[in-house]
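Okay, so the sequence shown: first residue is 36 according to UniProt numbering, each after it adds one. Even for Gly, the Cβ is constructed at its ideal location relative to N, Cα and C. In this text the structure is predicted, and so the values were computed from the model without any measurement.
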Amino acid sequence: AVDGGERGVHAFLHVNAEEALAVAAEVDAIRAAGGAGAEALHPLAGVPIAIKDLIVTVGQPTTAGSKMLEGWMSPYDATVISKIRAAKLPMLGKTNLDEFAMGSSTEHSAYGPTRNPWDLDRIPGGSGGGSAAAVAAFEAPLALGTDTGGSIRQPGAVTGTVGVKPTYGGVSRYGAIAMASSLDQIGPVSRTVLDSAYLHELIGGHDPRDSTSLNEPVPSLVDAARQGLSGDLTGVRVGVIAELQGDGYEAGVQARFNESLEVLRAAGAEIVEVHCPNFKYALGAYYLIMPSEVSSNLAKFDGVRYGKRVIPADGPVTIERVMGATRAAGFGDEVKRRIILGTYALSAGYYDAYYGSAQKVRTLVQRDFDAAFEKADVLVSPTAPTVAFGLGSKTGDPLAMYLNDVATIPANLAGVPGISVPGGLSEGLPVGIQFLAPAREDARLYRVGAALE
Ligand code: GLN
36 AVDGGERGVH AFLHVNAEEA LAVAAEVDAI RAAGGAGAEA LHPLAGVPIA
86 IKDLIVTVGQ PTTAGSKMLE GWMSPYDATV ISKIRAAKLP MLGKTNLDEF
136 AMGSSTEHSA YGPTRNPWDL DRIPGGSGGG SAAAVAAFEA PLALGTDTGG
186 SIRQPGAVTG TVGVKPTYGG VSRYGAIAMA SSLDQIGPVS RTVLDSAYLH
236 ELIGGHDPRD STSLNEPVPS LVDAARQGLS GDLTGVRVGV IAELQGDGYE
286 AGVQARFNES LEVLRAAGAE IVEVHCPNFK YALGAYYLIM PSEVSSNLAK
336 FDGVRYGKRV IPADGPVTIE RVMGATRAAG FGDEVKRRII LGTYALSAGY
386 YDAYYGSAQK VRTLVQRDFD AAFEKADVLV SPTAPTVAFG LGSKTGDPLA
436 MYLNDVATIP ANLAGVPGIS VPGGLSEGLP VGIQFLAPAR EDARLYRVGA
486 ALE
């Protein structure tokens, strides 16, 4: 017996039934009336969507998976939410996640884990396990996630769904609670590549409220996905990243990956090998840069401005003691671990050794990508080194948990887009195939992704 609702999956933290039904009824009425009103409807009008609970919404609580924000209601909508409302997609509710998006299994949620619909004793990936599980369990056809180091793509891989991390700046981050601002991106989760293309086109585009938003039109991703569905990849050079396979990758994952390369070859793609020698330092650099930004971004949860406030039971009630008590009670262990790591890495005397070195590695990773994209139009790797692991099997070992992101992190460090598409099963569990493209070339991902699907 498993608890948590939804036949044990527990993808949702909040269900927005009344509003979702009202939006669906409104779309039905517009369609029934026909004419110009019906023609003006967005292609996704009436298609329900689930929202990762890191993205702020008016009228629904936003918790970020943390006790710190329990009961908090945002006074404004994220830009992506405004676009979803305008296009009339019924919002089904808010999905579970690792606290403040820190994790690879959704076990760090303060509201209990989400389970993988393929096997309820296994994790659905993280941090966006709720969004991926909702789509995999046929609870929602579409969802939104956020990806700082893989939190859209790795859950996609282990639940057999499609997940996309857009080019950094391609989708507005306004209203996504910041984890590590230089790495975070909002992106689509769906069952097919074409569905993600529609959603990505809807949520993408310039936003003056996000200072890192690209001021360019959204590329035509739906056309690219349709082109890919024809199954013809003649002339497309696919670069196999030598460093992201072999040692550390499960045999079943490697086997499905090799078969996927054959599918691409049969579709006319040219398969080449590329080397990214600095990718082996990417995980280490990420675990300095990300916590540094975390320690800064989470400073605002001080018991004064948002959510929870804890007054110490005894002793004097000073600002410091209220903040300390609030943060002690409001944050879980993984969040505290990262705040402490980040604060240390940014301390005077350590800054150059840690944060400074990590930023240099970041540049080297970007150069590896530049060199690889001279030889290939897209790069390919397994999305994650393993299939979904057992619930509780890595919670006691943070480093083992961190290693699951080894293939997804380089894209965030370089700001390039990535997609995970289902690549078959290993012992009954889904394996994901990741494609990466140069910044602003998200369309290429939809073409090759749809061709593989
Ligand atoms: N699993 C990674 C981490 O724990 C990625 C998180 C994310 O992309 N939000 O940091």
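Considering Cα atoms alone, identify which of the options is closest to residue i.
i	options	result
glycine 239	Arg150, Ser265, Ala260, Gly205	Gly205
alanine 302	Arg482, Val275, Leu104, Ala71	Arg482
arginine 475	Thr92, Met126, Asp219, Pro252	Pro252
aspartate 432	Pro473, Ala59, Gly138	Gly138
leucine 56	Ala67, Tyr111, Lys335, Leu127	Leu127
leucine 249	Trp107, Phe336, Ser225, Gln220	Gln220
proline 176	Ser225, Gly184, Ser216	Ser225
histidine 310	Pro201, Ser331, Val275	Val275
alanine 213	Val273, Phe336, Leu471, Ala121	Phe336
lysine 315	Arg300, Lys87, Leu279	Leu279
leucine 426	Gly391, Ile158, Tyr390	Ile158
arginine 120	Trp153, Pro83, Phe135	Pro83
threonine 269	His49, Ala486, Val50, His45	Ala486
asparagine 131	Ala172, Asp88, Gly106	Asp88
glycine 43	Asp156, Ala85, Gly210, Ser101	Asp156
alanine 406	Lys343, Asn313, Ala64	Asn313
valine 451	Gly185, Gly350, Pro347, Asn51	Gly185
residue 492	Arg150, Met103, Ala68	Not covered by the structure: residue 492. The range shown for the chain is 36 to 488.
proline 420	Glu285, Arg261, Asn51	Glu285
leucine 264	Val273, Pro254, Ala232	Ala232
arginine 272	Gly210, Val441, Ala304, Gly365	Ala304
threonine 92	Val370, Ala68, Leu471, Val50	Val50
proline 201	Thr443, Glu488, Gln289	Thr443
proline 445	Ala472, Leu76, Gly463	Ala472
Would residue i pass as a contact of residue j if the rule is Cβ separation under 8 Å?
i	j	result
glycine 94	arginine 291	no
valine 345	glycine 338	yes
valine 307	lysine 429	no
isoleucine 454	serine 295	no
threonine 97	serine 109	yes
glycine 160	phenylalanine 47	no
leucine 179	leucine 124	no
arginine 373	alanine 320	no
valine 257	valine 228	no
glutamate 41	glutamate 174	yes
glycine 287	valine 422	yes
methionine 325	leucine 218	yes
proline 152	threonine 194	yes
alanine 380	leucine 333	no
alanine 317	valine 400	yes
serine 140	glycine 100	no
arginine 208	aspartate 267	no
alanine 167	proline 190	yes
residue 4	alanine 171	There is no way to answer for residue 4, as the model of the chain reaches only from 36 to 488.
If we count the other Cβ atoms within 10 Å of its Cβ and call it buried at 16 or more, is residue i buried or exposed?
i	result
arginine 188	buried
proline 223	buried
glutamate 236	buried
aspartate 182	buried
glycine 281	exposed
glutamate 134	buried
proline 243	exposed
glycine 300	The question names glycine, but residue 300 is arginine in the sequence shown. When all chains shown are included, arginine 300 counts as exposed.
alanine 36	Annotation note: pLDDT 42 at alanine 36 (below 50); position unreliable, coordinate value reported separately. By the 10 Å Cβ count, alanine 36 comes out exposed.
threonine 113	The amino acid at residue 113 is misidentified as threonine; the sequence shows alanine. Under this definition alanine 113 is a buried residue.
valine 352	exposed
lysine 129	buried
serine 382	exposed
leucine 434	exposed
aspartate 403	buried
lysine 395	exposed
threonine 390	This sequence places tyrosine at residue 390; threonine is not what is there. Tyrosine 390 is buried by the Cβ-count criterion.
alanine 60	exposed
alanine 71	exposed
glutamate 297	exposed
aspartate 349	exposed
glycine 463	exposed
isoleucine 354	exposed
* Asked: Where are the beta strand (DSSP E) runs, 3 residues long or more, that stay fully inside the region 94-125, in chain order?
  -> none
* Start-end ranges of the beta strand (DSSP E) lying completely within the region 375-430, minimum 3 residues -> Correct list: 413-417.
* Could you pull out every unbroken alpha helix (DSSP H) segment of at least 4 residues lying fully inside the region 49-94, listed in chain order? => 52-68, 70-74
* Entirely enclosed beta strand (DSSP E) segments - the region 267-294, minimum 3 residues -> 272-276
* **Start-end ranges of the beta strand (DSSP E) lying completely within the region 285-364, minimum 3 residues** => 305-309
* Asked: Could you give the uninterrupted runs of the beta strand (DSSP E) lying entirely in the region 206-250, keeping only those of 3 residues or more?
  -> 220-225
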